[in-house]
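Right, one structure below, let's go through it.
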Amino acid sequence: MTYEITFVRVQPGLTLQGTLDRLNADFEFDVDADPPLLRLTEAERGEWDRVLGRVSREVGPVEAEEYLYSLTFWTVGPPGRVKFDYRGDMGDIEIPYRYSGPAALAVMELAYRVARIVEEESGLTGHDFEVDQPTRTGDPAKAAARLGGVADWAQRNLGGR
Numbered sequence: 015m016t017y018e019i020t021f022v023r024v025q026p027g028l029t030l031q032g033t034l035d036r037l038n039a040d041f042e043f044d045v046d047a048d049p050p051l052l053r054l055t056e057a058e059r060g061e062w063d064r065v066l067g068r069v070s071r072e073v074g075p076v077e078a079e080e081y082l083y084s085l086t087f088w089t090v091g092p093p094g095r096v097k098f099d100y101r102g103d104m105g106d107i108e109i110p111y112r113y114s115g116p117a118a119l120a121v122m123e124l125a126y127r128v129a130r131i132v133e134e135e136s137g138l139t140g141h142d143f144e145v146d147q148p149t150r151t152g153d154p155a156k157a158a159a160r161l162g163g164v165a166d167w168a169q170r171n172l173g174g175r
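Under my numbering, think of the first position of the sequence shown as 15, with each following residue one higher.
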């Protein structure tokens, strides 16, 4: 289980929630089906290249992989690992629930920094549904409190299992 921040390309004439509702309505869940193969346009491939390049320059080293269903990178080194998956019209950031206290704040500041780069370079809109705030104007400290609270709870209740 991870803390997730969602990105979507808001459709013309719709809000973020309206776009998500439409995407969810079009989604057919089949436990045996593979996700759709990644088919990026030239423009979307350019967005990925810009995001990856800028994160590497401004945040630090990343490890990147191309999969059948998404393009992915992970930040490398302190303050922690933040994973970003890109699928052209959607994406998400995932942070493991293992950070608490000052470490939670540091990793969420990193995640929000990456999120803002993603928004600026791709045109996707980011939203942190864990604390119901947009990533463009949201407060990483609020997100860190949630991340740290869940991590602390898991350690207390699931730690030795």
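Glycine included, every Cβ here is placed at the ideal spot set by N, Cα and C. Quick caveat, the model's predicted, so the values are computed rather than measured.
Residue i and residue j closer than 7 Å at C-beta
i       : j       : result
Val-65  : Glu-123 : no
Ala-125 : Ile-107 : yes
Leu-54  : Gly-102 : yes
Ile-19  : Thr-151 : no
Ala-155 : Val-145 : no
Residue closest to residue i, alpha-carbon to alpha-carbon, out of the options
i       : options                              : result
Phe-87  : Gly-102, Arg-160 and Val-69          : Val-69
Gly-137 : Glu-144, Ala-129 and Phe-143         : Ala-129
Met-15  : Tyr-111, Gly-102 and Pro-92          : Tyr-111
Gly-67  : Ile-131, Asp-153, Arg-23 and Trp-167 : Ile-131
Ala-165 : Phe-143, Gln-25 and Gly-115          : Gly-115
Residue(s) in a DSSP beta bridge with residue i
i       : result
Lys-99  : The question names Lys, but residue 99 in the sequence shown is Asp. Paired residue(s): Thr-86 and Asp-106.
Asp-142 : Gln-147
Thr-16  : Pro-110
Ala-78  : Phe-87
Val-22  : Met-104 and Thr-139
For residue j and residue i, the rounded distance between their alpha carbons
i       : j       : result
Ala-147 : His-141 : Looking at the sequence shown, residue 147 is not Ala but Gln. Gln-147 and His-141: Cα-Cα distance of roughly 6 Å.
Ala-159 : Asp-99  : 24 Å
Gly-74  : Tyr-83  : 25 Å
Ala-120 : Arg-127 : 11 Å
Arg-95  : Val-76  : 9 Å
Trp-62  : Asp-153 : 25 Å
Residue environment, residue i, which counts as buried when at least 16 other CB atoms sit within 10 Å
i       : result
Glu-51  : According to the sequence as given, residue 51 is Leu; it is not Glu. Leu-51 is exposed by the Cβ-count criterion.
Leu-161 : buried
Tyr-113 : buried
Cβ-heavy atom distance, residue i to the ligand FAD, below 6 Å
i      : result
Glu-56 : As for the ligand FAD, it is missing from this structure, which has no ligand bound.
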